[in-house]
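Notes follow once the structure below has been shown.
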Amino acid sequence: MKGKAPAVTSKTVLTQLASVWTFGIREFRMWRSYRMNQLMWICDILMSSFLFFMIGRMVGDQSAELLGVYGANYITFILIGMGVNYLIATNLHDPFARISRVYWDGTMDLYLLSPMSIYTPLVGLMARSVIDDYPRVFFIVLFGTTLFGARFALGHIPEAILFAALILIASFGIGIISASTFYLFDFKRANEPVRFFIQEVMAALVAGTYYPVTVLPYPLQIVAALLPHTYAYDALRRLLSPGADLRTPNLVLHSALPTLTPIQVDGLALAAGCLAFIPLGLWLYKAGIERARRSGTLTRWQ
Amino acid sequence: MTRHAGAAAGFGALLRGIGSFVWLEYKALLYYPASFFMTVLQSVINMGIWFFLSLFISGYADRYVASFGGSYVAYVVLGVAFHEVARTALKSPFLSIQTAFWEKRLETYRIFPQGFWAYVLGRFLWQLLFALVVQTVVLALIAGLAGLNFHPEANVGLALLTYLLFILSAFGLGLLGASTFFFLEVKRGVEPVGWIVDYAVRLTSGLYYPVTIIPAFIRPLSRAFPHTYAFRAMRLLLLQGAAWQTVAADVITLAVYAAVAIAIGFYLLRWSLARAEAGNGVSAVV
Amino acid sequence: MRRRAPKDDATREAASPPEGIIDVRGLTKVFRVKEKGQRTAVRSFRAVDDVSLRVGRGEILGVLGPNGAGKTTLIKMLCGLLVPDRGAGTVLGFDVLHRAAAIRSRVSLVAPTADIGTDNNLTVRENLQFWAAVYGIPRREKKQRIDELLVLVDLKDREDTWPMNISAGMRQRLAIARSLLAENELLFLDEPTVKLDPDGARRIREFVLRINREDRVTILLTTHLMYEAEELCSRIIVLDGGRIVAQGTAQELKRLVRGERIIEIFASGLPAGTASADAPSADAPSADIESSIRLLPSVLEVELDVWDGAVGQGRLLVKTADVDRTTALLLPLLQDAGARVEGVRSGEPNLEDVFFTLTGRGLAK
Amino acid sequence: MIEIRGLSKQYRGAPSDPQGTWISSWGLGLWLRNVFHAVSLSASRSPPVLALDDISLSIGRGEIFGLLGPNGAGKTTLIKILAALLKPTSGTASVDGWDVVSHPERVKRSVSYVSTTGWMGLEWPFNVDESLRFYSRLYGIPRSQARRRIEEVLETVDLGGHRGKVVSQLSHGMRQRLVLARGLLVRTPVVFLDEPTVGLDPVNARHIRGITKSRLSGARRQTVVLTTHNIQEVEEICHRVGILHKGRLIALGTPAELRSLAQDRLVSDLRVRNYAPGLNADLEALPGVLGVSCTVKDEAGGAASLRIHRRRAGGSISDVLRLLRARRVEVSFAAQSEPNLEDVFLELTGANLR
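As given, the protein sequences belong to chains A, B, C and D, one line each in that order. Just so you know, we're using our numbering here: the first sequence kicks off at 1 and counts up by one. Just so you know, we're using our numbering here: the second sequence kicks off at 1001 and counts up by one. Just so you know, we're using our numbering here: the third sequence kicks off at 2001 and counts up by one. Just so you know, we're using our numbering here: the fourth sequence kicks off at 3001 and counts up by one.
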């Protein structure tokens, strides 16, 4: 071994990024050894698309009246909703699952006993969504257009990508908040209340994955206004559906800010979500680790 | 004579065993009341999504369900509630075996003469009661808030019988699926029988939309699953107020289905368990 | 392998510790355990109670104690993974209370279950590659260091194997290799041989001594195996109920056990006499050797029994309060007297006896 | 009590496909692969593992029989077959007169099986008392007797003071004792203890050994078969021992009989100062010395431990001591041990002296 001491003493941003990269590589290897399992979600996408295609058949082709600002293609409307859900699935779900796993298998101790930042294992997870979630979005668009008659407007692709990035970041923030509850409030079970309430309860019911928010009673529409999902669905549907209306307000917040266009309101709301959730998540996560260091609950074994 | 006494004693032991496992599940629920609350909430939300979705398109869809009372919302809500219970019955045996296997409890249960079957049946009984209560509450909630157009002269007794036969058929399929845990070595994830039934049922049995709008070449598939007969019979009875003659064929089909599925499922699960013990055993570590 | 030179900021921020790599006083940790039952009650439980210890550079310190004695809790506090409730001191020159992050990035830990930190989705080599990145090892050094470690832990021929396909002992060695990647000078081994079969455990012990000797790694290891502590450790502290009940070398601890021990020596060339019918006389050489043995320190009683006067074949029983010291002097003395020692057996107290003496816990019958 | 004739057990090998072992697949991929393996005769499954190879053995009433062997020797497999939890590939075994293959239900009524390896399969929602009530119901113990028996076993395993604790609050040793208590609820003729003391500290381990010896084999006259890789445990409580190695029963007898297998061997342990490298070779050249293993503790002071394996005949410790004296190596401690079962084990399997 070389006798010369390396010049780098504390980890620089570059070496931190290298660790993030390694976590990404590991996610990829894990994904690769489970590669046959990818067949399952392809089936899943096909089935869900087919299901809504059939429901869409009852609506028929002339659904402009039904969808209002979101154009006239019900299957497009549904697929954008599902696509956003697929896009953010890893970010929402995996931080908690991963923290739970490193707790149960005892690796958290070892991660802390290294020069690596405490956030690195979480940030490395973003790589998982690249290999796990983005292809799903691709497949749902592919199946939708080739098999089920979905049509997309291609005029606003850059804006759509910006909105996709915003909802990814915001959902990652929610994911970290969810992960930090593991240590902060000792939620050691498989189900974690924060993500459960935000995603499975509020977002699933009121953000409008399968129906526009306007079908809901007004109090629920106000609840929807608090969720970043609502704005992502709204903006992406307006930007990508053929014949969509970019001007007419639809959400509670649109009506509250009449001087801005709905798309602008959506963008501001999502950006605010990112700014709120990411710092809050990082802070809570650190607080959780410190709490666990005092109570001796960093890992299962004592 | 002693043989009979032995069988009776064995049956008594099995019943006590089932009771013990119901007690175990009850304690588990008390231990984590939060997870009970979350399960209930999840059911409410799932129903809520389908309620709002059906409400959203009811203007277009009502005419497709004219023969089932003419309300698409009632059609979907009823279907979802019944399906959730059947789904519990379908998944219960496999999930029970899988959970116990990885927690190394399965082998422990094999130590006791009737332990394995008491576990599978006891847990099924508990989960079934749980799902029934939850779905009934959810249904009552929707009926109370939004109103469901139940037919005033519905033959509730026959509907309940249909429901029971439906659950038993699903449980039979569940036993069949559970047997793949051992002979196909499906130790992780989901098992093929339940998975295929779940997918096919959602797509073809008329759960979310009437069978009549499915493309003709897929329609025969729907006849392979008990759900199609059960959904049709129960909706006709409760929403349309149909006479028993209308649904007799469906109910009889369901009864036969339940008997055959449970017999085959039980036999296959027993066979695969014996095969596992002749091979690598039923514990997680070899 | 050579230790990496002291890190710059380490030398800048803390003067190199002359008093020892670990130097802590009065460490105490109280856990609050939720009793979940009919009514949830909080009970406090003193896991580590007023522990002070000092470990010098290059030492192997053994922490001995039964399950639940607080061994792991102590290790976690010394690693910076657990905040002590009370106490003070330094590890590697860093304050245990305020510089935990600095300590954490400079010590290695091998947890009792080898599977901790071993990813079954990666091969043996890939596991080390993964951890090399976590430890921030520069890319150009990485391959060489991993190669060296694989040779060191004797896993070179298994480098492409999946962790679940190698034995528990090999996985333990992989875990140790992982901990050595960072080239930290302080290594914590928490029950390194638990659940291994005797052969696997022996290899781990040999290996622990080797890295201590060759790489000058300071090691703090916990065990509840008495002979393991005796074989490996230069010093041992005995922990019970979170408190240090004794410390010292294995020999010193054994001396704590009161009661006599017997050394039994079979030899030929012993001076005949005592066994013969003649009355013991002062000039007989046997009396001479007996009395000179009796004069050795700690010797309580001597009994010589020669059954074959012709070749002086016989047995010598020496009752002593200190086996080690007596043996050390006894053997040369016998050789000087021309005796040919054929076998030695001693009822040496082992650390298990020490443990029972100290904790006052006898056999649970 | 237990008769075993020509028992063999072959496990189907777990596929060790480097890309995606069986554990990493689920869903469609797993089904397809397993169906493929089921229908294809030439599928590239990994070879079967012979876990037990032609074991014949009989164990008498009231005996404590120890099964000794390293990890993976087949100890657990043998016990599981005898407890009717696993079927043998060939050969026969009977427990209390009942054949394990044709009458598994009767065998299950005749044995208690206590396995404490790994996760012990306890019921986390239950406390100690409820767990035992639960198990007594599964055993079909009448309600009228259950209470008395539970009190009895709680006292035996000394968990009476912890009856209100749920599993997560119990220490490892207590959990092990709870599993033991489950096995004691019924008074079966045969008790199987699979690694009853692994991972326990000496206090807990002795407690369990004490129960085995005085209660099970002593007061209750139960036949006990226990597996272990702890040699002291065997010497302490077992009447007879079988040594398993790679699925074969390589030795069988009382501990004393087995020790005599390594009769011509002696092991001398020396602790020395002023050790110098190169000494080993000279020591090995001495007559009767089979091998020397040395661990150096402190290079500067030359403190080292030497373990010298010698033949009893030929040579003596004096030669060793003389050589050391000539080299000015100071002996601080010397002990010579009679071969124990560990040496026997090592002699038979050749696992030491690499």
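No residue lacks a Cβ here, since even glycine has one placed at the ideal position from N, Cα and C.
Distances from the CA of residue 1044 of chain B to each of A:218, A:278 and A:205 were compared; the closest alpha carbon is that of A:205.
Nearest to residue 1154 of chain B by alpha-carbon distance, out of B:1066, B:1056 and B:1234, is B:1234. Counting the other Cβ atoms within 10 Å of the Cβ of residue 3048 of chain D gives fewer than 16, which makes it exposed.
Taking a Cβ-Cβ cut-off of 9 angstroms, the neighbours of residue 39 of chain A in chain D comprise 3027, 3028, 3029 and 3032, given in sequence order. For residue 1280 of chain B, the closest Cβ of chain D is nearer than 8 angstroms. For residue 2240 of chain C, the uninterrupted beta strand (DSSP E) segment begins and ends at 2235-2240.
C-alpha of residue 2031 of chain C to C-alpha of residue 1127 of chain B: approximately 37 angstroms in a straight line. What residue 274 of chain A touches in chain D, judged by beta-carbon distance under 8 angstroms, is nothing: the nearest beta carbon there is about 34 angstroms away. A Cβ-Cβ distance of about 5 angstroms is found for the pair residue 3127 of chain D and residue 3164 of chain D, placing them in contact under the 8 angstroms criterion. The three-state reading of DSSP puts residue 134 of chain A in helix, counting H, G and I together. Listed along chain A are 58, 59, 60, 63 and 66, each with a C-beta nearer than 8 angstroms to that of residue 1060 of chain B. Residue burial annotation: residue 188 of chain A is exposed, with fewer than 16 other C-beta atoms found within 10 angstroms of its C-beta. With respect to the C-alpha of residue 3190 of chain D, the residue from D:3133, D:3319 and D:3097 having the closest C-alpha is D:3097. For residue 2148 of chain C, DSSP assigns no beta-bridge partner whatsoever.
Within the region 1147-1165 of chain B, no residue has its Cβ closer than 8 angstroms to any Cβ of chain A. If you ignore the 5 residues before and after residue 1079 of chain B, its C-beta comes within less than 6 angstroms of the C-beta of 1207 and 1231, all in its own chain and listed in chain order. In the structure shown, residue 3230 of chain D falls within a coil segment according to DSSP collapsed to helix, strand and coil. Cβ-Cβ distances below 8 angstroms link residue 3187 of chain D to 3220 and 3222 in the same chain, with the five nearest sequence neighbours on each side left out; the list follows chain order. The beta-bridge partner set that DSSP reports for residue 3098 of chain D consists of D:3095. In the three-state scheme derived from DSSP, where H, G and I count as helix and E and B as strand, residue 2247 of chain C is classed as strand. Closest in C-alpha terms to residue 3280 of chain D, from the list D:3255, D:3287, D:3306 and D:3257, comes D:3306. The count of Cβ pairs closer than 8 angstroms, one atom from the region 2111-2126 of chain C and one from the region 2083-2094 of chain C, stays below three, leaving the stretches out of contact. In the three-state reduction of the DSSP assignment, residue 3179 of chain D falls in the helix class.
Using a Cβ-Cβ cut-off of 8 angstroms, residue 2081 of chain C counts as an interface residue toward chain A, since at least one Cβ of chain A sits closer than that to its own. Under the three-state reduction of DSSP output, residue 3085 of chain D falls in the coil class, being neither helix nor strand.
Fully enclosed alpha helix (DSSP H) runs of no fewer than 4 residues occupy 1072-1102 and 1105-1111 of the region 1062-1117 of chain B, in order along the chain. Closer than 8 angstroms to the CB of residue 3109 of chain D there is at least one CB belonging to chain B. The C-alpha of residue 2121 of chain C is placed about 12 angstroms away from the C-alpha of residue 2160 of chain C. Taking the C-beta atoms as reference points, residue 278 of chain A is found no nearer than 8 angstroms to residue 124 of chain A. The three-state secondary structure of residue 1162 of chain B, taken from DSSP, is helix. Following the DSSP letters along the chain, one finds residue 2073 of chain C in no beta strand (DSSP E) but inside the alpha helix (DSSP H) bounded by residues 2071-2079. With respect to the C-alpha of residue 87 of chain A, the residue from A:292, A:127 and A:67 having the closest C-alpha is A:127. Taking C-beta separations shorter than 6 angstroms and ignoring five residues to either side along the sequence, the partners of residue 254 of chain A in its chain run 262 and 265, following chain order.
Chain D places a beta carbon closer than 8 angstroms to that of residue 1108 of chain B, counting this residue as a contact. In the three-state scheme derived from DSSP, where H, G and I count as helix and E and B as strand, residue 274 of chain A is classed as helix. For the region 2058-2139 of chain C, the full-length alpha helix (DSSP H) segments reaching 4 residues or more read 2071-2079, 2100-2104 and 2124-2134 along the chain.
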